[in-house]
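J.: Residue numbers (the numbering used here), protein chains in the order written: chain A, 49 to 340; chain B, 35 to 351. A single structure is presented below for examination.
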Amino acid sequence: MKEGRPRSFYVLAIFFAAYVLFLYGPMIAIYVLSFQGPQGGLTFPMNGVSTFWIAKLFQGTGIVDLGAAFRRSLLLGIVVMIVTVVLSVAAGMAFRRKFKAQSILFYSAIASLIVPSIITSLGISLEFRIIDDLIKAHWNENFETSMGLLTSGLGAHLTWTLPFGLLIMFAIFNRFDPRLEEAARDLGATPWQTFRHVVLPIILPSVIGIGLFGFTLSWDELARSSQAIGAVNTLPLDLQGLTTTVTNPDIYALGTVISAVSFTVIALALGTIHVLNKRQAAKGSDAGKGLV
Amino acid sequence: MSEEVLQQATPGLIPGSGTARAAKPTRLSPSFISWLQAGPMMLVFLAFFLIPLVFVVIVSFWDYNEYQLLPAFSGRGYTDTFEGCIAQLPELCTIAKTYLKTLKLCFLVWAITLFLGFWVAYFLAFHVKSKTWQMGLSLLCTIPFWTSNVIRMIAWIPLLGRNGLVNSGLMKTGLINHPIEWLLFSEFSVVLALVHLFTFFMVVPIFNSMVRIDKSLIEAAYDAGASGFQTLVNVIIPLAKPGIVIGSIFVITIVMGDFITIGVMGGQQIAAAGKIIETRVNALQFPAAAANAVILLAITFLIITMMSRIVDIKKEL
């Protein structure tokens, strides 16, 4: 075998490091800038260090009603996360057998992932507008709209998160050993018991991964929300609205707060996955500990 | 077969067989269970993706006035969109110019993300030997994907703005006397931001293809006297092709339909296919918006069909 590392390793390692810097550098810049002093502007250098802009955001004296948008986004994110996890795990289980409409569902998911968001978003808004018109014409003249956070908004987000959930389930079951289930069945477990006590514990770390995708993709979603969310705004929509008008660092402060939530969720999810994997490694198998 | 034999020999011994099976007449059929499992997701796609797409096509043939939809057949959405395309010849009409511009952005972003994505994936797949490090570094590349795109766009402002880090740095070193204007709110910043946001979509599928490559094939190529470059071109690239194609499909469709990055980073000044739709919607001209969506969908579909000729996507997942 070769000794040491080839020169290409070092070239590519530097390339990779540069890429990571490119990924994170700008983000870190705005996190730092959101701690500008009260007189600070949109760019470096820092004009003192303070939590002035972040505090201003929470006082509600700033530019948007942060509290309401924050709660809406959080609610939507959590609902999207739960629905994504449940539907993805269920559909992932279905894909382990052949069933009719299998390829229809598969291609719907892939298409939903790659059809430009603006088209899906426009379609949902047209659908709900037409439903509204029908309701107004036939049942209730005073009807306002069926569009909203948890109707059209939820649907729009799911068209984005479900394909990821399904693809992760495919990846899980690609390396899942079906003999474990057979063993459970042979020992008399019902299908539900097999799922609950054998399959679920094994796939749980990846299921948490699906939840992570579900929440973060919804929390930051913009393109699909843009036409389909109805009258109210989510946090990213408010943030986008600010990009054209704002001239002081509260936009960075808002960005930092939104990112803080993302990073908290990412850390929680990755931490849980790590703990679960460790437990699986430690207790998951009694191989080699037989009663010999 | 063996189960039947066993059952005949020792009836009642195998759970779920013989009497046990007869005792549970309500047992659900496998295909019904599949429907229960996959049905909810199918319904979501039906209600929020497939039917909306049908509505886009239908509404694109409706009529409209200043403030509402008129459900009567009309080609106005399309004729408005292609206005002047024949009359102005040989001059290009607005829609043709816009699509050319979008395709140009698309090509630039595709080429750059492919280059970056390929080498990042290559490094992770072939040079990082420890599984832990591979996981950790992949995660490092993925975490930004879980954070907000708008924030990652805004993040360029303090760097590229008129008084940003790049300009002030260059002025200090005396390389330039005036701030460079085209760094921000320009095509340059649009391409930069798109690359920044979406290289991830290249890295993941290419990495997936690369880790599946049998390392002994590469050894064999070297043993047979191939240079590093020959191995790359004749072994690694062909085997990584599915990942390259899937990544390309992602990046191209995202950029074709993008209106947010182009809007924010282009200072709302750059026309693009996705932005036309947004503008039409904001003007409440839904049939025209829908007509543009149909055109965009057709072009996107054409690109994907051409690319999936090269590789069977379903086999690669």
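Cβ coordinates follow ideal geometry from the N, Cα and C atoms, glycine included.
Give every residue of the same chain whose Cβ lies closer than 7 Å to the Cβ of Trp35/A, excluding the five residues on either side of it in the sequence, and list them in chain order.
T.: Nothing can be reported for residue 35/A, as the shown portion of chain A is limited to 49 through 340.
J.: Please say whether Ile185/B and Ser274/A have beta carbons closer to each other than 7 Å?
T.: Not a contact, by the Cβ cut-off of 7 Å.
J.: Thinking Ile277/A and Val90/B are a contact (beta carbons under 8 Å), I'd like their distance in whole angstroms, please.
T.: Going by Cβ atoms, the distance from Ile277/A to Val90/B rounds to 18 Å, so no, they are not a contact pair.
J.: Please list the terminal residues of the continuous beta strand (DSSP E) segment that includes Leu126/B.
T.: Here Leu126/B belongs to no beta strand (DSSP E), and DSSP marks it neither H nor E.
J.: When you compare the CB of Ile294/B with every CB in chain A, is at least one pair closer than 7 Å?
T.: Yes, its Cβ sits closer than 7 Å to a Cβ of chain A.
J.: Can you give me the Cβ contacts of Gly201/A inside the same chain, cut-off strictly under 7 Å, excluding the 5 residues immediately before and after it?
T.: Cβ within range, chain order: Leu124, Ser273, Ala276, Ile277 and Gly278.
J.: Got a sec: is the Cβ-Cβ distance from Asp268/A to anything in chain D below 7 Å?
T.: Reference to chain D is not applicable here, since the protein chains of this structure are A and B.
J.: Using 7 Å as the limit for Cβ to Cβ distance, is Val91/B near chain A?
T.: Taking Cβ atoms only, chain A never reaches closer than 7 Å to Val91/B, which makes this a no.
J.: For the alpha helix (DSSP H) that Trp267/A lies in, which residues bound it at each end?
T.: From DSSP, the alpha helix (DSSP H) with Trp267/A extends over Leu248 to Trp267.
J.: Does Pro213/B get closer than 7 Å to chain A when you measure Cβ to Cβ?
T.: Cβ-Cβ to chain A under 7 Å: no for Pro213/B.
J.: Could you please tell me which residues of the segment 106-124 of chain B, in chain order, have their CB closer than 8 Å to any CB of chain A?
T.: Result list empty, no residue passes.
J.: Could you tell me the alpha carbon to alpha carbon distance between Asn226/B and Gln71/B, rounded to whole angstroms?
T.: A small fix is needed here, since residue 226/B is Leu in this sequence, not Asn. Distance between the alpha carbons of Leu226/B and Gln71/B: 42 Å.
J.: Please list, in chain order, the residues of the segment 207-233 of chain B that have any C-beta partner in chain A closer than 8 Å.
T.: Cβ contacts with chain A: His230 and Thr233.
J.: Whole angstroms is fine: what's the gap from Glu175/A's alpha carbon to Ser68/B's?
T.: Cα-Cα distance, rounded: 29 Å.
J.: So is Lys58/B in contact with chain A if we call contact Cβ pairs under 7 Å?
T.: Model confidence at Lys58/B stands at a pLDDT of 49, short of 50, so the residue's coordinates are unreliable; what they give is reported in the following sentence. It does not: the Cβ of Lys58/B has no partner Cβ on chain A nearer than 7 Å.
J.: Just to confirm my understanding: we take Ile91/A, look at its own chain, exclude 5 residues before and 5 after, and list those with CB closer than 8 Å. What are they?
T.: Correcting the residue type first, residue 91/A is Thr in the shown sequence and not Ile. Excluding sequence neighbours, Thr91/A sits near Leu81.
J.: How would you call Ala164/B, buried or exposed, if buried means at least 16 neighbouring beta carbons within 10 angstroms?
T.: Sequence check: residue 164/B is Ser here, not Ala. Ser164/B comes out exposed.
J.: So, is the C-beta of Leu336/B closer than 7 Å to a C-beta in chain A?
T.: No, because no Cβ of chain A sits closer than 7 Å to the Cβ of Leu336/B.
J.: My understanding is that Thr320/A touches Phe261/A, with C-beta atoms under 8 Å, so please give their C-beta distance in whole angstroms.
T.: Not a contact, Cβ separation roughly 14 Å.
J.: What is the DSSP secondary structure of Asp97/B, counted as helix, strand or coil?
T.: DSSP places Asp97/B in strand when its eight states are reduced to three.
J.: Pick from Arg223/A, Leu214/A and Ala330/A: whose alpha carbon is nearest that of Gly257/A?
T.: Checking every option, the nearest Cα to that of Gly257/A belongs to Leu214/A.
J.: So Ala324/B and Thr115/B are supposed to be a Cβ contact under 8 Å. How far apart are they, rounded?
T.: That pair is no contact at about 10 Å.
J.: Please confirm if Leu193/B has its CB atom under 7 Å from at least one CB of chain A.
T.: With 7 Å as the cut-off, Leu193/B counts as an interface residue toward chain A.
J.: The alpha helix (DSSP H) spanning Leu171/B covers which residue range?
T.: Lys165 to Thr176 is the span of the alpha helix (DSSP H), which, as asked, contains Leu171/B.
J.: At the level of alpha carbons, what is the spacing between Ala56/B and Leu228/A?
T.: At Ala56/B, the pLDDT of 43 sits below 50, so the modelled position is not reliable and the matter cannot be decided from this model.
J.: Just the Cα atoms here: how many angstroms apart are Val162/B and Thr176/B?
T.: The straight-line gap from Cα to Cα measures roughly 17 Å.
J.: Could you work out which residue in Thr233/B, Ile271/B and Leu134/B is closest to Phe179/B when comparing CA atoms only?
T.: Of Thr233/B, Ile271/B and Leu134/B, the residue nearest in Cα terms is Thr233/B.
J.: Give me the Cα-Cα distance between Val97/A and Lys104/A, rounded to the nearest whole angstrom.
T.: Distance between the alpha carbons of Val97/A and Lys104/A: 14 Å.
J.: Would you identify the three-state DSSP class for Pro164/A, choosing helix, strand or coil?
T.: Correct three-state label for Pro164/A: coil.
J.: Short of 8 Å in beta carbon distance, which residues of its chain neighbour Ser169/A, apart from the five on each side in sequence? Order them along the chain.
T.: For Ser169/A, where only same-chain residues beyond five positions count, the Cβ hits under 8 Å are Ala204, Ala271, Arg272, Ser273, Ser274, Gln275 and Ala276.
J.: Is there contact here, the segment 57-75 of chain A with the segment 146-162 of chain B, by at least three beta-carbon pairs under 8 Å?
T.: Segments in contact, yes.
J.: Give the DSSP-derived three-state secondary structure of Val238/B in the structure shown.
T.: The answer is helix: DSSP assigns Val238/B an H, G or I state.
J.: Under 6 Å Cβ to Cβ from Thr44/B, same chain only, skipping five residues before and after it: list those, please.
T.: Reliability of the predicted coordinates at Thr44/B is poor, the pLDDT of 42 falling under 50, and the value obtained from them is presented with this limitation in mind. There are no such residues.
J.: Hey, Leu206/A and Val78/B are a contact pair by Cβ (cut 8 Å); roughly how many whole angstroms apart?
T.: At roughly 5 Å, the Cβ-Cβ gap stays under 8 Å, so Leu206/A and Val78/B are in contact.
J.: Does the beta carbon of Asn325/A come closer than 7 Å to any beta carbon on chain B?
T.: Closer than 7 Å: no.
J.: Taking Trp385/B as the reference, which of Gly291/B, Gly281/B, Arg314/B and Val238/B has the closest Cα?
T.: Because residue 385/B is not part of the residues shown, which for chain B are 35 to 351, the question remains open.
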